[in-house]
Amino acid sequence: MKPYVVIIIVVLVIALGVGGYFWMKKNNSKNTSTSEKPALEKNGSSALDSSPTDLSQEFLSASHGVSFKYPSLWKSKDIDGDKNVTSPLTRENIAYLYEPVSSSDKALSTMELLRFVIEPNETIKSVDDWYNYIKAKVDKFVGQKDLTDEVGYNLISLEKVDDINGKWTVREDYTLKDNVRGRDYYIYTGDIYQFVFEVNQSDFTSYEQLFKNIAYSFNIK
904 MKPYVVIIIV VLVIALGVGG YFWMKKNNSK NTSTSEKPAL EKNGSSALDS
954 SPTDLSQEFL SASHGVSFKY PSLWKSKDID GDKNVTSPLT RENIAYLYEP
1004 VSSSDKALST MELLRFVIEP NETIKSVDDW YNYIKAKVDK FVGQKDLTDE
1054 VGYNLISLEK VDDINGKWTV REDYTLKDNV RGRDYYIYTG DIYQFVFEVN
1104 QSDFTSYEQL FKNIAYSFNI K
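When you read off a place in the sequence shown, starting at 1, and then add 903, the result is the number in our numbering.
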């Protein structure tokens, strides 16, 4: 065999070996990134990864006799009875839940359940009375320009909605500073129970049904 043929064969073998090495390296890297993807998705998962009707956890307040359901990925802070209601419109914090971003304390979405006492001289006999009562409170809040400017409050709508377990309900939609969209449900039980939901405005449409399902699971014994 002529020397130059040997050289050509050696060069080809080296080229094939180098090419094969880099092909294997690239393919291995691709497989590794693919296998890691589900873990990354899992770490960044949200309540919306499952059906928004899948509310597998239940929050129960023994002292208030109220309960509601929420997604298993959400975390709760037990602030039941943080402040006792001793006078009209004094706020009592019953529950605070948040949907964490991965393992951090930052939240994708938050929810509060509050209770207020109706003024003694108020008579609520119909859903219209209830709507007008809440409207007066919202109008008063909007009139406090210093407060609304501080949080960037902007009312979108206030309307009567389907009752929740036979309780009259008024829904308030609004925006706040930092691109936050809020939705509150005011439920009349003789007192005021208020669900407060907040999420980034760009995500609100995705979370809308979930918020409704949580609020509509509300039950008082």
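Even glycine gets a Cβ: it sits at the ideal position worked out from N, Cα and C. Predicted model only: the values in this text are computed from it and were never measured.
Query - Residue range of the unbroken alpha helix (DSSP H) whose run includes VAL849 - result: Outside the modelled stretch of the chain, which goes from 904 to 1124, sits residue 849, for which no answer is possible.
Query - CA nearest to the CA of THR1108, picked from ILE1095, ARG1084, ASP1052 and LYS1028 - result: The residue labelled residue 1108 in the question sits at position 205 within the sequence shown. Checking every option, the nearest Cα to that of THR1108 belongs to ARG1084.
Query raised in the report: Taking the C-alpha atoms as reference points, what is the distance between SER1029 and LYS1070?
Result: Locating residue 1029 in the sequence shown gives position 126, counting from the first residue. Locating residue 1070 in the sequence shown gives position 167, counting from the first residue. Rounded to whole angstroms, SER1029 to LYS1070 spans 10 Å at the Cα level.
**Report entry** Start and end residues, alpha helix (DSSP H) containing ALA1118
**Finding:** If you number the sequence shown from 1, residue 1118 lands on position 215. Run containing ALA1118: 1107-1119, per the alpha helix (DSSP H) assignment.
Requested in this report: Return yes when the Cβ of THR993 is within less than 7 Å of the Cβ of TYR1001, no when it is not.
Outcome: For the purposes of this step, residue 1001 is taken as the residue at position 98 of the sequence shown. For the purposes of this step, residue 993 is taken as the residue at position 90 of the sequence shown. Cβ distance not < 7 Å, so TYR1001 and THR993 don't count as in contact.
Query raised in the report: Can you give the Cα-Cα distance for ASP1042 and SER1007, rounded to whole angstroms?
Result: Here the question's residue 1042 lines up with position 139 in the sequence shown. Here the question's residue 1007 lines up with position 104 in the sequence shown. Straight-line Cα distance between these residues: approximately 37 Å.
Requested in this report: Taking only runs that begin and end inside the segment 1060-1084, name each unbroken beta strand (DSSP E) of 3 or more residues, in chain order.
Outcome: 1070-1079
Query raised in the report: PRO974: buried (16+ other C-beta within 10 angstroms of its C-beta) or exposed?
Result: Along the sequence shown, one-based indexing puts residue 974 at 71. Buried, by the Cβ-count rule.
Query raised in the report: To the nearest angstrom, how far is it from the Cα of GLY1093 to the Cα of GLU1025?
Result: Within the sequence shown, the letter at position 190 stands for residue 1093. Within the sequence shown, the letter at position 122 stands for residue 1025. Near 11 Å, if we compare the C-alpha coordinates of GLU1025 and GLY1093.
Report task. Use the C-beta contact count for GLN1097: other C-beta atoms within 10 angstroms, 16 or more gives buried, fewer gives exposed. Result -> If you number the sequence shown from 1, residue 1097 lands on position 194. Within a 10 Å sphere around the beta-carbon of GLN1097 sit 16 or more other beta-carbons, which makes this residue buried.
Report task. Would you kindly report the start and end of the unbroken beta strand (DSSP E) that includes GLN960? Result -> Walking along the sequence shown from the start, residue 960 turns up at place 57. Run containing GLN960: 960-964, per the beta strand (DSSP E) assignment.
**Report entry** Beta-carbon proximity of SER1073 to LYS1080, cut-off 7 Å
**Finding:** One-based indexing of the sequence shown puts residue 1073 at position 170. One-based indexing of the sequence shown puts residue 1080 at position 177. Residue identity differs from the one stated: residue 1073 is Val in this sequence, not Ser. For VAL1073 and LYS1080, no; Cβs fall outside 7 Å.
Query raised in the report: Counting along the chain, where does the beta strand (DSSP E) carrying TYR1001 start and finish?
Result: Along the sequence shown, read from residue 1 onward, the residue named residue 1001 stands at position 98. Here the beta strand (DSSP E) through TYR1001 covers 995-1003.
Query raised in the report: With DSSP run on the structure shown, which of helix, strand or coil describes VAL1102?
Result: Here residue 1102 corresponds to residue number 199 of the sequence shown, with the count starting at 1. Looking at VAL1102 - three-state DSSP - the assignment turns out to be strand.
Report task. Please check the pair LYS980 and TYR999, which I expect to be a contact at CB under 8 Å, by giving their CB distance rounded to whole angstroms. Result -> As a working mapping, residue 980 is identified with position 77 in the sequence shown. As a working mapping, residue 999 is identified with position 96 in the sequence shown. Yes, LYS980 and TYR999 are in contact; Cβ-Cβ is about 5 Å, under 8 Å.
Report task. Indicate whether ASP1076 and ILE1059 have their beta-carbon atoms separated by less than 7 Å. Result -> Looking up residue 1076 in the sequence shown gives position 173. Looking up residue 1059 in the sequence shown gives position 156. Taking 7 Å as the Cβ cut-off, ASP1076 and ILE1059 qualify as a contacting pair.
Query raised in the report: According to the neighbour-count rule (16 or more other Cβ atoms, all chains shown, within 10 Å of its Cβ), is LYS1124 buried or exposed?
Result: By one-based count along the sequence shown, residue 1124 stands at place 221. By the neighbour-count rule (16 or more Cβ atoms within 10 Å), LYS1124 is not buried but exposed.
Query - LEU1050 (DSSP reduced to helix, strand or coil) - result: Taking the first residue of the sequence shown as 1, we reach residue 1050 at position 147. Helix.
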